[in-house]
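> Before anything else, here's the structure in question.
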Amino acid sequence: MRALEWFFVALALAGGIPPLVGCYQFMLAACQRLRFGRSIAPFYPRVAVVVPAWNEGAVIARTLDRLVELEYPADRLRIYVVDDASTDATPEIVRGKALEHPEAVFHLRRETGGEGKATTINHGLRVIRAEDWYEAILIIDADVILTRDALRTMTRRLADPEVGAVSAYIKEGSEPASYLNRFVAFEYITAQAAARRAQNVLGVQACLAGGSQLFTREALEAIGGEIDTATLAEDTATTFKIQLIGKRVVFEPNAIVWAEEPREVEGLWKQRLRWGRGNVQVTLKFRDVWLRRHNGQRLGGISFALIWFSVTLMPLFMIGASVGLISLYLIDRDFSVTVFQTLWAINLFSYAFITASSFSVDPETAKRCWIEGIMFPGLISLAIIVYASYPPLLSSIGVNPASVELSVVIVAIYAWLSLSMLAAFGVRCLAKSGHLPGLIAPLVYIVGYGPLLTAMTAAAYVKELQGAEMGWDKTEKTGQLGEVL
Amino acid sequence: MREADDTGRPWERTFEAELDLQRRAESRLMLRGATILVVVMALVVIRSVLL
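Structure follows, in structure tokens:
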């Protein structure tokens, strides 16, 4: 076989790397027991909670009510709401709560706002650091609801002086939940409960969940006392910085924090575009870290690079797989079938393993969203998995394998990993246009939530290459966190 | 490790029991993970043999 053909084989099979890395993460996640429980003890540092808020009138009262109810020594907890020049009822509500709990709730008002979440948080950090009271900082989103034991479950990790920061498990809790909320709920099992457990085992974390992150004073002071403002992924950049000063960052799966995520495609698109661009910026900002353990310690490990790049480079893997398969089809049709079957056998194995493992990692959440878990890759991809597992299927239903029409179908199947991103982009355009709103949900199930996420990552590359303005598109919150209250 | 800060809070009385439950949950997760891996691999092998 010629070198060019080998190149296309490699390109096509590289499409199997992200799903295999997903399997690797789930295997590691299951091994957390081997490390669990070390260096955990009751520990109650003085915690200053920073709540950045811009027009959070619909949710802020409920968030503050829960914070003052936390199972935590009252004299060791202060809550600072950094009001970023809100124009709704937020200032009045927070002032009311501050009067109700004068020892616990503090209202910090910025008269000129709109500079983004990180800048708002840093305003709060400057005030808190000047008071010199705090021993740890908890940064949360204004709309999240911590379970009553969440903070003490997180602080007990700080009993280990090597730990510099702790991340909670953010769960989607909208009630009633839209179809998209259920997809996000399932996604968070894989992206948080499993992936971050795996990263605990590796001893390195990619990102503290922006919705709820706890830092020790020592770690915060060591990185300059401020949150990174140079990227759109301020939580990820801060996570990297803390690990680069030699402190550990850990994920605490038993600290549950409920969040309300976007209900519609357009809201999700804006949120993930911001995250995707942030990840591109972090990848470039920390370019000296990748695969260099002497520079980046555990951030420089091979496993961590595989996990990071299998997500951030997902669109390129998918495009490469399609290009490889179609090129092989044009060169050697029979051989292309073998490579196609191998790639989709990997997809079948990964899909079965990851889906079943997700149900096992968080059965309670999986009960709410099992259909979305099964439909995660989309109906078309599931059909391709079936076809790849049993190629004579088309012939058995009366389709002539030699027909021109079938060639077109086969090329479309080979190209689906890339076409699915275009299809997902089309769904987003339709959703944005406001036409045929009843079609959006069925289309997401058909095209797949996974391809929708990949399309958002691809769109983030494009925005970043265009050098688009780094606006802060705040996700709209309505306060629909039903069951957790 | 830093010294445990036992200030007699009501929830601290259940700390060990809570930790034990979480430890058991992690053990179950490991067992289920291994079972799922074996079952999925067995299915893949059966499929390869049958086709």
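First to last, the protein sequences are chains A and B.
If you're matching positions, the first sequence starts at 2 in my numbering and goes up one per residue.
If you're matching positions, the second sequence starts at 31 in my numbering and goes up one per residue.
Virtual Cβ for every residue (Gly too), placed ideally from N, Cα, C.
1) May I ask which residues mark the beginning and end of the alpha helix (DSSP H) holding residue 332 of chain A?
2) Counting only beta-carbon atoms, is residue 79 of chain B nearer than 9 Å to chain A?
3) Measure the beta-carbon distance from residue 381 of chain A to residue 441 of chain A and round it to whole angstroms, keeping in mind my assumption that it falls under 8 Å.
4) Below 8 Å, how does it come out for the segment 123-142 of chain A and the segment 172-188 of chain A: are there three or more Cβ pairs, yes or no?
5) Per DSSP, residue 49 of chain A is paired with what?
6) For residue 225 of chain A, count neighbouring C-beta atoms within 10 Å of its own C-beta (all shown protein chains included) and say buried if the count is 16 or more, exposed if not.
7) In angstroms with no decimal places, state the Cα-to-Cα distance between residue 269 of chain A and residue 4 of chain A.
8) Quick one: give me the first and last residue of the beta strand (DSSP E) that residue 109 of chain A is part of.
9) Is residue 285 of chain A close to chain B, meaning its C-beta is less than 9 Å from at least one C-beta of that chain?
10) Within 10 angstroms of its Cβ, does residue 393 of chain A collect 16 or more other Cβ (buried), or is it exposed?
11) I want to see whether chain A comes within less than 9 Å of residue 64 of chain B, judged by CB atoms only; does it?
12) One question on the structure: do residue 143 of chain A and residue 115 of chain A come within less than 9 Å of each other, judged by their Cβ atoms?
13) From the DSSP output, read off the bridge partner residues of residue 172 of chain A.
14) Kindly list, in the order they appear in chain B, the residues whose Cβ is closer than 7 Å to that of residue 362 of chain A.
15) Which stretch, first to last residue, makes up the beta strand (DSSP E) that contains residue 213 of chain A?
16) Nearest CA to the CA of residue 191 of chain A: which residue from A:457, A:408, A:20, A:15?
17) Starting from the N-terminal side, write out each stretch of the alpha helix (DSSP H) that is 4 residues or longer and does not extend beyond the segment 408-471 of chain A.
18) Considering only the alpha carbon of each residue, which of A:319, A:237, A:186 lies closest to residue 264 of chain A?
19) Looking only at its own chain, which residues have a Cβ that is under 7 Å from the Cβ of residue 119 of chain A, when we skip the five neighbours before and after it?
20) Checking 9 Å against the spacing of the C-beta atoms, do residue 294 of chain A and residue 29 of chain A come in under that value?
21) Please list, in chain order, the chain A residues whose beta carbon lies closer than 7 Å to that of residue 39 of chain B.
22) Would you report the Cα separation of residue 66 of chain B and residue 415 of chain A, rounded to the nearest angstrom?
23) Between residue 92 of chain A and chain B, is any beta-carbon pair separated by less than 9 Å?
24) Can you list the residues of chain C that residue 70 of chain B reaches, using a CB-CB cut of under 8 Å?
25) To the nearest angstrom, how far is it from the Cα of residue 211 of chain A to the Cα of residue 334 of chain A?
26) Tell me the residue span of the alpha helix (DSSP H) that contains residue 124 of chain A.
27) How do the segment 338-347 of chain A and the segment 357-374 of chain A stand: do at least 3 beta-carbon pairs fall below 8 Å, yes or no?
28) Please list, in chain order, all residues of the same chain as residue 77 of chain A whose beta carbon is under 6 Å from its beta carbon, the five residues on each side excluded.
29) Helix, strand or coil for residue 249 of chain A, going by three-state DSSP, please let me know.
30) For the ligand NAD, is there a heavy atom less than 8 Å away from the beta-carbon of residue 197 of chain A?
31) Hey, quick one: how far does the alpha helix (DSSP H) through residue 370 of chain A stretch, first residue to last?
32) Cβ of residue 244 of chain A less than 9 Å from any chain B Cβ?
33) Pick helix, strand or coil for residue 66 of chain A, following the three-state DSSP scheme.
Reading it off the structure:
1) Residue 332 of chain A sits at position 331 when you count from the first residue of the first sequence. Per DSSP, residue 332 of chain A belongs to the alpha helix (DSSP H) from 315-332.
2) Taking the second sequence and counting its residues from 1, the one referred to as residue 79 of chain B is at position 49. No, residue 79 of chain B lies away from the interface with chain A (no Cβ there is under 9 Å from its Cβ).
3) For the purposes of this step, residue 381 of chain A is taken as residue 380 along the first sequence, with counting starting at 1. For the purposes of this step, residue 441 of chain A is taken as residue 440 along the first sequence, with counting starting at 1. Not confirmed; about 16 Å, so no contact.
4) no
5) The residue labelled residue 49 of chain A in the question sits at position 48 within the first sequence. Residue 49 of chain A pairs with A:79, A:138.
6) Working through the first sequence from its first residue, we reach residue 225 of chain A at position 224. Residue 225 of chain A should be labelled exposed.
7) On the first sequence, residue 269 of chain A is found 268 positions in, with the first residue counted as 1. On the first sequence, residue 4 of chain A is found 3 positions in, with the first residue counted as 1. If I take the Cα positions, the gap works out to 42 Å.
8) Taking the first residue of the first sequence as position 1, residue 109 of chain A is located at position 108. It spans 106-111 - the beta strand (DSSP E) in which residue 109 of chain A sits, taken as one unbroken run.
9) Translated into the one-based positions of the first sequence, residue 285 of chain A becomes position 284. No, no contact with chain B.
10) Numbered from its first residue, the first sequence carries residue 393 of chain A at position 392. The residue is exposed, with fewer than 16 neighbouring Cβ atoms inside 10 Å.
11) Indexing the second sequence from 1 puts residue 64 of chain B at position 34. Cβ-Cβ to chain A under 9 Å: yes for residue 64 of chain B.
12) Here residue 143 of chain A is taken as the residue at index 142 of the first sequence, counted from 1. Here residue 115 of chain A is taken as the residue at index 114 of the first sequence, counted from 1. Going by C-beta atoms, residue 143 of chain A is not nearer than 9 Å to residue 115 of chain A.
13) Translated into positions along the first sequence, residue 172 of chain A becomes position 171. BP columns for residue 172 of chain A point to A:259.
14) The sequence position of residue 362 of chain A within the first sequence is 361, counting from 1. Ordered by position in chain B, the residues that pass the 7 Å Cβ test against residue 362 of chain A are 59.
15) The residue labelled residue 213 of chain A in the question sits at position 212 within the first sequence. 213-217 is the extent of the beta strand (DSSP E) around residue 213 of chain A.
16) Along the first sequence, one-based indexing puts residue 191 of chain A at 190. Ranking A:457, A:408, A:20, A:15 by Cα distance to residue 191 of chain A puts A:20 first.
17) 417-434, 438-448, 450-467
18) Taking the first sequence and counting its residues from 1, one reaches residue 264 of chain A at position 263. Ranking A:319, A:237, A:186 by Cα distance to residue 264 of chain A puts A:186 first.
19) Looking up residue 119 of chain A in the first sequence gives position 118. Cβ within range, chain order: 228, 229, 230, 235.
20) Position 293 of the first sequence, counting from 1, holds the residue named residue 294 of chain A. Position 28 of the first sequence, counting from 1, holds the residue named residue 29 of chain A. Against a cut-off of 9 Å, the Cβ pair of residue 29 of chain A and residue 294 of chain A comes out as no contact.
21) To locate residue 39 of chain B, count along the second sequence from 1; it is residue 9. Chain A residues near residue 39 of chain B: 74.
22) On the second sequence, residue 66 of chain B is found 36 positions in, with the first residue counted as 1. On the first sequence, residue 415 of chain A is found 414 positions in, with the first residue counted as 1. Distance between the alpha carbons of residue 66 of chain B and residue 415 of chain A is about 29 Å.
23) Counted from its first residue, the first sequence places residue 92 of chain A at position 91. False, the Cβ-Cβ gap to chain B never drops below 9 Å.
24) Protein chains in the displayed structure are A and B, and chain C is not among them.
25) The residue you call residue 211 of chain A lines up with position 210 of the first sequence. The residue you call residue 334 of chain A lines up with position 333 of the first sequence. Each residue's Cα considered, the two are about 48 Å apart.
26) Your numbering for residue 124 of chain A matches position 123 in the first sequence. Its alpha helix (DSSP H) spans residues 118-132.
27) no
28) Your numbering for residue 77 of chain A matches position 76 in the first sequence. The answer, listed in chain order, is 45, 47.
29) Residue mapping note: residue 249 of chain A aligns to position 248 of the first sequence, counting from 1. Strand.
30) With respect to the ligand NAD, the structure offers nothing, as it holds no ligand at all.
31) Looking up residue 370 of chain A in the first sequence gives position 369. Element bounds for residue 370 of chain A: n/a, residue is neither H nor E.
32) In the first sequence, counting from the first residue as 1, residue 244 of chain A sits at position 243. No, no contact with chain B.
33) Here residue 66 of chain A refers to the residue found at position 65 when the first sequence is read from its first residue. Three-state DSSP puts residue 66 of chain A in a helix.
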